[in-house]
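If you read the protein sequences in the order shown, they are chains A and B. Per the numbering used here, the very first residue in the first sequence carries number 5; after that it's consecutive. Per the numbering used here, the very first residue in the second sequence carries number 28; after that it's consecutive. Report on the following structure.
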Amino acid sequence: MTLLKEPDRGTPAKPGAPTVTVEVDGLPVAVPDGTSVLRAASLAGVDIPKLCATDSLEAFGSCRLCLVEIEGRRGTPASCTTPVADGMRISTQTPKLEKLRQGVMELYISDHPLDCLTCSANGDCELQDMSGAVGLRQVRYGDDGANHRDAVKDASNPYFDFDPAKCIACSRCVRACGEVQGTFALTIEGRGFESKVSAGAGESFLDSECVSCGACVQACPTATLQEKSVVQLGMPSRSVITTCAYCGVGCSFKAELRGDELVRMVPYKDGGANEGHSCVKGRFAFGYASHPDRKLKPMVRDTISDPWREVEWDEAIQAVADRMRDIQRRHGAGSIGAISSSRCTNEEVWVVQKMVRAAFGNNNVDTCARVCHSPTGYGLKQTFGESAGTQDFKSVAAADVIMVIGANPTDAHPVFGSRMKRRLRDGARLIVIDPRRIDLVRSPHITADYHLRLKPSTNVAVINAMAHVVVTEGLIDEEFVNERCAGYPDWAELVARPDNSPEAVEAITGVPADELRAAARLYATGGNGAIYYGLGVTEHSQGSTMVMGMANLAMACGNIGRDGVGVNPLRGQNNVQGSCDMGSFPHELPGYRHVSDDAVRTVFDRHWGSSIQPEPGLRIPNMFDAAIDGSFHGLFVQGEDIAQSDPNLQHVTAALSAMELVVVQDLFLNETAKFAHVFLPGASFLEKDGTFTNAERRINRVRAVMKPRTGKHEWQIVCEIATAMGYPMSYDHPSEIMDEIAELTPTFAGVSFEVIDKLGSVQWPCNPKAPAGTPIMHIDEFVRGKGNFVPTPYVPTDERSTRRFPLVLTTGRILSQYNVGAQTRRTGNVAWHPEDVLEIHPHDAEVRGINDGDLVTLASRVGSTSLHAKISDRMPTGVVYTTFHHPVTGANVVTTEHSDWATNCPEYKVTAVQVGLTHPMIPALAD
Amino acid sequence: MANDIAIQFRLLPDRLGAEAVAGHINRFWEPRMRARLLQQIATGTTGLDPLVVAAAGLVR
């Protein structure tokens, strides 16, 4: 594929049918009302010269290059700011316009370094293009006048340079930072000739509030904001459209290469999830794929104290097969299992669960979604009938009231966070339910109407109290409830009880009753109410209960089944949804069908020639328990670092140490690999061919930018292990795996690589009933028929603060790092987050004698670690917060074994701890 | 863990509660976990929620 340059229509598209017809240079074109003349001309095939206009931004009208003449109107209006009118006749090329444009361009060029031949943007510079387009042949002003050519370059950002000498002050970067990203870190400082782009209050880009999303770089028409990789490697020459492998937003990118070398990742305008936007991780943090730490050869060893020995693929694969079979011979079929990865493609995950079910002969397969969104799968299945979010991301633009619960979109799902902020700036109301004051609570042009700062572990008490208000104050959508739901009376009776009133639970939740009542009324009566939630909901002992509680509330208020509403999980990793869809849970076959369903098993058995067991297998925590108990001995771990990411690490490492065979398939020798006997090097997302499914059920293609550096695709390796174990599995191409998925999974029946390539992406269910997919679910009826109200009694967690451990630790993530940091720690992102820190309220710090930056010990009843303190009034008193991106900190040494009652999802968000001053940095220790 | 499940279903009438607890355990627990629970009940392990004990006969 050649370098893909998407058309730039100059101004954003307007919604609606093309009802206005105009004529541009004699060419008729029909466009929606409100469309700019500039865009209409572009759609007619006439490109009007422009510099300050680009179709990701609202018209600005500053460059004076896109001037046109309109019959019957005086002057030469800017076409970007002039809306079309029916019957308008527009001329874009006249002697008058030509002269005006040449004059404008002459002024721009008079203050621009004429180093085109050595400029990094040579060939990709709109100023250069426009000089040609307007026919500029001379600049009369010479070099003697005042200019900006000596302006100092800011190279502080790890990924891009800011060279003000090349700036034309078009404000595209400033507007992109505000309109697209919503950070408003950039501004134009000064007036007239002194005007210059400034990050913050004259700070460097690195020190400013810039979040390095890259929107400014993308918007820049010159080399003023330029990727360092382009400066170093040169302009790319070809593009491959693929999908980001970081968070569950699943942004589409153009991987732009020069030969076989990846130069940059540029967000793809036609990407359904991101529509041309990106964050610092997806846009820039891809260097881990070529990091020297990467292992490219398979390795084996007899014991975990032996050194690794590099071997050929055949030997490694045979070693896995022989040792797994040997364990089964001695300990039974159920003594081995596998963990699949939400960072891998659907096709890679599919073959792992197939290997377990058909070759291992058990259902001992689980996925890392166990420790994040398994309660979502359970809760939404019980209430709505499908284990998935209800909306597409675009839906947020139609929301009137946005309720964010236990999620931090601007850090963890930044591209969706930007979408949400755009809607909030346009007037939607905001309720945030979170112990911590996340950025959304107060950020430029956004202030939450209500921030319910609940105590950790009291989510269910809060949602029940909101439901209490809705039920007792008569705010129910009776028509929706009566026609579309079941089970309402029992649920309503429970939540209406006096002990669920906001006043009664205030002492438990810490949320003032009047604020909670007001928030509930707003959600119920404010128009389209949309709930977005994250791991602050699921990672609790009542995670599943809370998911059902939110679903109940949404049904009660009729906020399901149309644009702008819904209950929407923000998935942590890129393919959490997909890995769950693909049958990675030990109780479910693909498509969320229970293994006890004889008819479903029969379909699979016929296709696979297998005998799938009808009983559920072990979940991840159960595997650990069984390993310590002596009945589980062999584990295949695909692309996960359970020895860093899972709770109560002492327990995890004891379990791994007890196993006879641990096989790790990963890019790096991660923490889990310390306990492994076989290491199978994996492929980065740049080397994969397959699909990811994002949080909005959107199936996107992942296209290989380069061949696997290890010589094998991950799905091939799994197939070869199964084959070596005596169960032949082979495919010539991952599209054949998707064909098998479609054949065996009703919600994927219409999905194929061909369909995805044709549509760009598709949201499941995609089948004969919905051949183009399903952006919004449960429109006319719920997947299960009637929506099911499930009573959700509040049960306090067993994890309690004590005199010894008086604080509560809650964990999370930040913008620049991702999950256990295996990828982002090996990129320039460490500039922003070189270590995990402990956020602590000033009062809690003061009584402990802790100053900002002090090294402190964080201890729970299961372990302790040390890290530096960050004093922050984001935290309420009594609650501390840290991230788990760095293994040296080992935050999960501290977290406990408590878990969600329904799914075993760990209660990461609630750990009783003590914090105290310490001295030298000590490694994480178990008590 | 069985006790945690039982607490969630306490609102239900006795028989339905026991069925719900057993149903959840049958649906999500691997057989050796169920066997261990049944063994604990059979040996009179203390601390089990009465609803769990009531559900024992329905656990496969």
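Ideal Cβ positions, reconstructed from N, Cα and C, are used throughout, including at glycine.
Residue range of the beta strand (DSSP E) that includes residue i
| i | result |
| --- | --- |
| A:G694 | 694-697 |
| A:P685 | 682-685 |
| A:A34 | 31-35 |
| A:N572 | 571-573 |
| A:V860 | 859-863 |
| A:Y454 | 454-456 |
| A:T191 | 190-193 |
| A:S243 | 242-247 |
| A:M269 | 265-271 |
CB contact check: residue i to chain B, cutoff 7 Å
| i | result |
| --- | --- |
| A:G276 | no |
| A:V604 | no |
| A:V466 | no |
| A:P910 | no |
| A:V866 | no |
| A:P795 | yes |
| A:V799 | yes |
| A:W905 | yes |
Enclosing alpha helix (DSSP H) for residue i [first to last residue]
| i | result |
| --- | --- |
| A:V466 | 463-476 |
| A:R327 | 317-335 |
| A:S46 | 41-47 |
| B:L43 | 41-55 |
| B:R63 | 58-69 |
| A:Y292 | Unbroken run through A:Y292: none, as it is neither H nor E. |
| A:S539 | Rather than Ser, the amino acid found at residue 539 of chain A in this sequence is Leu. 539-542 is the extent of the alpha helix (DSSP H) around A:L539. |
| A:P846 | 846-851 |
| A:K258 | Per DSSP, A:K258 belongs to no alpha helix (DSSP H); it is in the beta strand (DSSP E), 256-262. |
| A:G547 | 547-560 |
| A:M407 | Premise fails: A:M407 lies in the beta strand (DSSP E), 405-409, not in any alpha helix (DSSP H). |
Chain A contact for residue i (CB, 7 Å cutoff)
| i | result |
| --- | --- |
| B:P58 | yes |
| B:L38 | yes |
| B:D41 | no |
Cross-chain neighbours of residue i in chain A, by beta carbon under 8 Å
| i | result |
| --- | --- |
| B:D88 | This structure leaves residue 88 of chain B out entirely; chain B is present only between 28 and 87. |
| B:Q67 | Near B:Q67 there are no residues of chain A at all, since even the closest Cβ is about 14 Å away, more than 8 Å. |
Proximal residues of chain A, C-beta to C-beta of residue i below 9 Å
| i | result |
| --- | --- |
| B:R54 | H591, H598, S600, P620 |
Chain-ordered chain B contacts of residue i [CB-CB under 7 Å]
| i | result |
| --- | --- |
| A:T971 | A question about residue 971 of chain A goes unanswered here, because the residues of chain A that appear run from 5 up to 931. |
| A:P651 | Near A:P651 there are no residues of chain B at all, since even the closest Cβ is about 15 Å away, more than 7 Å. |
| A:S583 | The contacting residues do not exist; A:S583 stays about 18 Å from chain B at best. |
| A:S635 | R59 |
| A:N626 | E57, M60 |
Interface partners of residue i on chain B, CB under 8 Å
| i | result |
| --- | --- |
| A:W495 | By Cβ distance, chain B contributes nothing, its closest Cβ being about 10 Å from A:W495, past 8 Å. |
| A:L498 | L38 |
Cross-chain neighbours of residue i in chain B, by beta carbon under 9 Å
| i | result |
| --- | --- |
| A:E630 | At residue 630 of chain A the sequence reads Ala, which differs from the Glu that was named. Simply E57, R59, M60. |
| A:S545 | D31 |
Integer Cβ distance of residue i from residue j, believed to fall under 8 Å
| i | j | result |
| --- | --- | --- |
| A:Q918 | A:P810 | 7 Å |
| A:S461 | A:H544 | 6 Å |
| A:L69 | A:A223 | At roughly 16 Å, the Cβ-Cβ gap does not stay under 8 Å, so A:L69 and A:A223 are not in contact. |
| A:I409 | A:I535 | 6 Å |
| A:Q577 | A:S346 | 4 Å |
| A:V599 | A:N367 | 6 Å |
| A:T58 | A:G91 | The pair is not a contact, with the Cβ atoms about 28 Å apart (cut-off 8 Å). |
Exercise. How about the stretch 850-865 of chain A and the stretch 663-674 of chain A: do they share at least three Cβ pairs that are nearer than 8 Å?
Worked result: no
Exercise. How do the stretch 253-269 of chain A and the stretch 718-727 of chain A stand: do at least 3 beta-carbon pairs fall below 8 Å, yes or no?
Worked result: no
Exercise. Below 8 Å, can you find three or more Cβ-Cβ pairs linking the stretch 318-336 of chain A to the stretch 550-562 of chain A?
Worked result: no
Problem set entry | Touching by the beta-carbon criterion (3+ pairs, under 8 Å), the stretch 588-603 of chain A and the stretch 515-525 of chain A | no
Problem set entry | Given 8 Å, three or more beta-carbon pairs between the stretch 650-657 of chain A and the stretch 900-915 of chain A | yes
Exercise. Can at least three beta-carbon pairs, one atom from the stretch 611-625 of chain A and one from the stretch 52-69 of chain B, be found at a separation below 8 Å?
Worked result: yes
For this session: Take every Cβ of the stretch 175-184 of chain A, pair it with every Cβ of the stretch 213-229 of chain A, and state whether three or more of those distances are shorter than 8 Å.
Result: yes
For this session: Spell out a yes or no on whether the stretch 289-303 of chain A and the stretch 35-50 of chain A are touching, meaning 3 or more CB-CB pairs, one atom from each, closer than 8 Å.
Result: no
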